Amino acid sequence: MNDTELGQRLARRLDPCVDNLDPRVLRRLEAGRELAMEHLREPVAALATAGGTARMPGPLTGAFRHRLFLPAAVLLLGLVTIYLWQGAGTSANDGEELELLGDELPINAYLDKGFQQWITPAMQR
Amino acid sequence: MARVGLVTALLAALLVFAPACARADDALTWNQLSASQREILQPLAKEWDSLEPDRRERWIAIARKYPTLPPDQQDRVHQRMKHWAALSPAQRAEVKELYKQIQQLPPERRREILQKWSEYEQFPSALKDALRAARERK
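Chains as they are written, first to last, in the numbering used here: chain P, 33 to 157; chain L, 1456 to 1593.
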């Protein structure tokens, strides 16, 4: 038996008693129905029970899915950006290493502390 | 909610680890390189298989761009490959940092730096040592 069938069977059993209900109870039930209608767009199947309302998780549809779409899209966009940025960074590093290796100044020069000292005034000017 | 979380986590893992997987694929052994790659990277033949996968990937990328260089730069790159590969990451970072600083200078100042290297090479060892000591004191 699915939720709809169960609800219909419960409604059939409860309907005959509605006329005998206290008006305050009827107002409370009406307010509860209004509240339930507001949540109708949410993809959960509401099952009315004597003690209150039990909610059963439904499929990922409607507003529920839309509410998750934005953060998921933002996360995905961020990750794609990081991925592309990493790729661009690696490529730039490769190009820089190649230029450095082909530069007129040899690697020894860059590592020589004495040369670093010798060019300090020219670098700071 | 749990399903969306799982899908998002899987996507995130894919995006985070995909570059690493790609790098692992690029970590070719010397024998897996093409003939032209082996020719360009010949100075690294002996140590190639012991290089870090990340470094191998870098060299493969360099080999890809190598043919676009003028012949004199190609020669210099070829001569310096072995030395560059033997440097520690800290030394490579030090070289890159100074290279960047020099590249930011105007062309005439860069020529001056180059001229200073020629002068420095002619210095007696004692003078070079004194300059090194002064640098170390900083």
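Note that CB positions come from ideal geometry on N, CA and C, so glycine has one too.
Predicted model only: the values in this text are computed from it and were never measured.
Cα-Cα separation, Arg-1564 (chain L) to Thr-152 (chain P): Within the model, the alpha-carbon separation for Arg-1564 (chain L) versus Thr-152 (chain P) is close to 12 Å.
Neighbour-count burial assignment, Ile-1439 (chain L), 16 or more Cβ in a 10 Å radius: Residue coverage of chain L in this structure runs from 1456 to 1593, which leaves residue 1439 (chain L) outside it and unanswerable.
Rounded C-alpha distance that separates Ser-1573 (chain L) from Glu-131 (chain P): One C-alpha to the other measures close to 20 Å.
7 Å Cβ cutoff, Leu-109 (chain P) in contact with chain L: For Leu-109 (chain P), no CB of chain L lies under 7 Å from its own CB, so it is not counted at the interface with that chain.
Ala-78 (chain P) versus Leu-72 (chain P): straight-line alpha-carbon distance, rounded: Confidence at Ala-78 (chain P) is low in this model, with a pLDDT of 49, below 50, so its placement is unreliable and the value that follows should be read with caution. Cα atoms of Ala-78 (chain P) and Leu-72 (chain P): separation of roughly 9 Å, rounded to the nearest angstrom.
Three CB pairs or more closer than 8 Å across the segment 1531-1550 of chain L and the segment 131-141 of chain P: Output reads yes: the segment 131-141 of chain P touches the segment 1531-1550 of chain L.
Contact with chain P by Glu-1507 (chain L), beta-carbon distance below 7 Å: No, Glu-1507 (chain L) lies away from the interface with chain P (no Cβ there is under 7 Å from its Cβ).
Pair within 7 Å by beta-carbon distance, Ala-1490 (chain L) and Pro-1508 (chain L): No, Cβ-Cβ distance for Ala-1490 (chain L) and Pro-1508 (chain L) is not below 7 Å.
Under 7 Å by beta carbon: chain L residues contacting Ala-141 (chain P): Going along chain L in sequence order, the residues near Ala-141 (chain P) (Cβ under 7 Å) are Trp-1572.
Endpoints, alpha helix (DSSP H) assigned at Tyr-142 (chain P): It spans 139-143 - the alpha helix (DSSP H) in which Tyr-142 (chain P) sits, taken as one unbroken run.
Whole-Å CB distance - Glu-1549 (chain L) paired with Leu-143 (chain P), under 8 Å assumed: Glu-1549 (chain L) to Leu-143 (chain P), Cβ: 7 Å. Contact.
Check whether Lys-1555 (chain L) and Trp-150 (chain P) have beta carbons under 7 Å apart: The answer is no: Cβ separation not under 7 Å.
Contact with chain L by Ala-78 (chain P), beta-carbon distance below 7 Å: The pLDDT assigned to Ala-78 (chain P) is 49, lower than 50, so where the model puts this residue is not dependable; a value taken from the coordinates is nonetheless given after this. Judged by the 7 Å Cβ criterion, Ala-78 (chain P) is not in contact with chain L.
Interface flag, Trp-1439 (chain L) vs chain P, CB-CB below 7 Å: Outside the displayed range of chain L (1456 to 1593) lies residue 1439 (chain L), so it cannot be described from this structure.
C-beta contact flag for Gly-146 (chain P) and Leu-1586 (chain L) at 7 Å: Contact flag set, yes.
DSSP state of Leu-1578 (chain L) mapped onto helix, strand, coil: Going by the sequence as given, residue 1578 (chain L) is Phe instead of Leu. Phe-1578 (chain L) falls in the coil class under three-state DSSP.
Interface partners of Glu-1567 (chain L) on chain P, CB under 8 Å: Residues of chain P passing the Cβ test: Ala-154.
Ala-154 (chain P) and Glu-1567 (chain L) closer than 7 Å at C-beta: Cβ atoms of Ala-154 (chain P) and Glu-1567 (chain L): closer than 7 Å.
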